[in-house]
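So the structure is just underneath, and the comments pick up after that.
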Amino acid sequence: MTNGGKRVAWVTGGGSGIGRAGAEALAADGWTVVVSGRRKEALEAVAAEITKAGGKAEAIPLDVSVAADAEKAAGQILTRHGRIDVLVNSAGINVPKRRWADMELEGWNSLVEINLNGVLYCMRAVLPAMRAQKDGLIINVSSWAGRHVSKMPGPAYTTTKHAVLALTHSFNMEECVNGLRACCLMPGEVATPILKLRPIVPSEEEQARMLQVEDLGRTIAFVASLPPRVCVNEILISPTWNRGFVQTPVSRD
34 MTNGGKRVAW VTGGGSGIGR AGAEALAADG WTVVVSGRRK EALEAVAAEI
84 TKAGGKAEAI PLDVSVAADA EKAAGQILTR HGRIDVLVNS AGINVPKRRW
134 ADMELEGWNS LVEINLNGVL YCMRAVLPAM RAQKDGLIIN VSSWAGRHVS
184 KMPGPAYTTT KHAVLALTHS FNMEECVNGL RACCLMPGEV ATPILKLRPI
234 VPSEEEQARM LQVEDLGRTI AFVASLPPRV CVNEILISPT WNRGFVQTPV
284 SRD
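This is the structure in C-alpha cells:
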C-alpha cells in the first residue's frame, strides 16, 4: 500500500443498516471511511460515532441514482485523500407494492435506478483511480434474492439483485488483469430498517433470529482485509434459522 499505508474506503448506504455496520467495522480495522447516502444527518451521526470511537470517518451526501453526483463524490474523495481502495455499494431499497398484482412502474423504476444503476455509477466513478493504482476492491451488497428467486422480495428487487451478481462477475472477468477485484455479498434476511417496508413486518422474535447488521459488517471487513491477490467472488450467507428453508407460511412474509 502506498500513501504511507493509508487505506480509504467509500461506503454508500452508509447511514444505516449494512452500510453503517460495514463502515464501522472497516474503521475499527484502521480504514479511513467515507460514508454516503441521501440523509445528511444520518451520515454525519455515523461519522461522528466512528470518530468518537477513535476511527477516521467523514460524510458525503449522495443520491447514487444520479451518475454525475457519483462522479462528483468520488472526485471529492480523491481530492481529499488521493486514493480509493475499497468501494462498498450498500445503498438499496424495496417497496411495499412488490407483487405483479399491485406493482407500480414508479416503484420498479426506483429500484432499478438505485439498486442497479446506482451500483454501476459508483463502480464507474472509482474505476479510473483504481486502475491507476493497479489495486482496488469493490464489494457489492446484493441479496439472497440475487441467487434464489422467491415471491417475498418481489420481481423488481429480485431482478436488480440478480443483475448485481452478474455485474460483479463481469467486472472480475475484465478488470482482473488490472489488479482489481469485486465481491458480491448475498445475505439472506437481515434485521435492518428496510424490513419496515414489507407488506407484513416480521416480529421482533423473527428479527432476532435473522442475520444482524454487525454480522455483515464483520464480513465486509474480512473481505477487505485480504491481500490483493485474493478475490472473493461471491458470498452467500444466511441466518441459521433460514425462513425459506423452514417453510414459513407466505402470510408471514
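Going by our numbering, the residue at position 232 of the sequence shown is 265; the numbering climbs one at a time, nothing skipped. Quick reminder that beta carbons are idealized off the backbone N, C-alpha and C, glycines included.
- In this structure, the straight-line span from the alpha carbon of residue 236 to that of residue 68 is close to 30 Å.
- Look at residue 226 here: in three-state DSSP terms it is helix.
- With respect to the 8 Å criterion, residue 131 and residue 178 are not classified as neighbours on the basis of their beta carbons.
- Judged by DSSP secondary structure, residue 84 falls outside any beta strand (DSSP E) and instead within the alpha helix (DSSP H) spanning 73–85.
- For residue 180, there is no enclosing beta strand (DSSP E), as DSSP marks it with neither H nor E.
- For the 8 Å CB-CB criterion, residue 159 and residue 117 form a contact.
- Excluding residues up to 5 positions away in sequence, 149 lie with their Cβ nearer than 7 Å to the Cβ of residue 196 in the same chain.
- Under the three-pair Cβ rule at 8 Å, the stretch 152–172 counts as touching the stretch 247–266.
- Rounded to whole angstroms, residue 225 and residue 50 show a C-alpha spacing of 5 Å.
- The beta-carbon separation of residue 146 and residue 176, rounded to 17 Å, does not stay under the 8 Å limit for a contact.
- In the three-state DSSP reduction, residue 133 falls in the coil class, being neither helix nor strand.
- The continuous beta strand (DSSP E) containing residue 220 extends over residues 213–220.
- With contacts defined as CB atoms closer than 8 Å, residue 82 and residue 92 fail to qualify as a contacting pair.
- Counted as a single uninterrupted DSSP element, the beta strand (DSSP E) harbouring residue 70 occupies residues 65–70.
- Selection 86, 141, 121, 153 evaluated against residue 101 yields 153 as nearest (Cα-Cα).
- Annotation for residue 161: no beta strand (DSSP E) segment contains it, though the alpha helix (DSSP H) segment containing it runs 151–166.
- Taking all protein chains shown into account, residue 203 has fewer than 16 neighbouring C-beta atoms within 10 Å of its C-beta and is therefore exposed.
- When the beta-carbon positions are compared, residue 55 and residue 250 come within less than 8 Å of each other.
- Its chain contains 272, 274 as the residues whose beta carbon lies nearer than 7 Å to that of residue 242, once the 5 sequence neighbours on both sides are disregarded; these appear in chain order.
- The closest CA to that of residue 94, considering only 107, 85, 59, 114, is found on 107.
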